[in-house]
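When the sequence shown is numbered by the numbering used here, its final residue is 211 and no position is left out of the sequence of numbers. In this text, a Cβ means the ideal position worked out from N, Cα and C, and glycines have one as well. As the structure is a prediction and not an experimental result, all values here were calculated from the model. A quick write-up on the structure given underneath.
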Amino acid sequence: MARRFDGSTLIVASHNAGKVREISDLLRPFAIDVRSAGELGLPEPEETGQTFAENAALKAHAAAQAAQLPALADDSGLCVMALDGAPGIYSARWAGPEKDFDVAMARIERELDARGTAEKDRRAYFVCALSLAWPDGHCETFVGEVHGQLVFPKRGDRGFGYDPVFVPDGHKLSFGEMVPDAKHAISHRAVAFAQLIAACFPQADADPHAS
Ligand code: IMP
């Protein structure tokens, strides 16, 4: 059985304001004091893991050790079947130092074209690993996925990263065209969060009066 979070303060092991906001929103019903690694000036560890889960765990452990408080980290990315899972854990790096996802999406299209991958075979999935680590070294990790089809040219200007080229299975709109709530209901992050909440933040602990 997973270890339950029963503290009052949680570190979000990220320097990315968007991720911190998303995680804080999700934890609001639990009346937890959420602090970010950026706000506390904690160092960012090098992501040396070979999987999303390893990278999420190493970020969570580093923050939990540095702050001596439980810490939650997220590692995510896009895996393209016909590219043997690339960009995968290198999803952010494919956008280069300028973090230009037009460059990253163009590279995926170019590599699919180079391999002669037919449109119907342009399958891909997003992965999100969430790790909750404690200062004593215990760690719980949950992984969510959402599968779908890649489409070029890109569609829509909502969301971020690779959203405009990804159409989830059972839907016609890309993540870049969907309203945020529609994406958040089915995304890899939502799937991982649902597992985390069920295992470590049971609803019985939620404060019904928190807004
Ligand atoms: P991380 O910050 O190392 O976890 O990098 C995650 C990268 O994966 C982001 O920079 C995006 O490129 C990509 N990514 C993760 N989740 C999503 C998503 O929901 N939509 C689009 N791109 C995503």
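About 6 Å separates the beta carbons of residue 159 and residue 183, which is inside the 8 Å limit, making them a contact pair. In the three-state scheme derived from DSSP, where H, G and I count as helix and E and B as strand, residue 20 is classed as helix. Within its own chain, the residues whose Cβ lies closer than 6 Å to the Cβ of residue 9, once the five positions on either side in sequence are excluded, are 33, 69, listed in chain order. Around the CB of residue 138, fewer than 16 other CB atoms lie within 10 Å, so the residue is classed as exposed.
Of all alpha-carbon atoms in 71, 6, 149, 57, the one lying nearest the alpha-carbon of residue 38 is that of 71.
Residue environment: residue 98 is assigned as exposed (fewer than 16 neighbouring CB atoms within 10 Å of its CB, all protein chains considered). Residue nearest to residue 85 within the set 112, 134, 61 is 112 (criterion: CA-CA distance). Under the three-state reduction of DSSP, residue 160 is assigned to coil, being neither helix nor strand. Taking a contact to require three or more Cβ pairs closer than 8 Å, the stretch 14-27 and the stretch 78-97 do not qualify as touching. For residue 198, the uninterrupted alpha helix (DSSP H) run begins and ends at 188-200, by DSSP.
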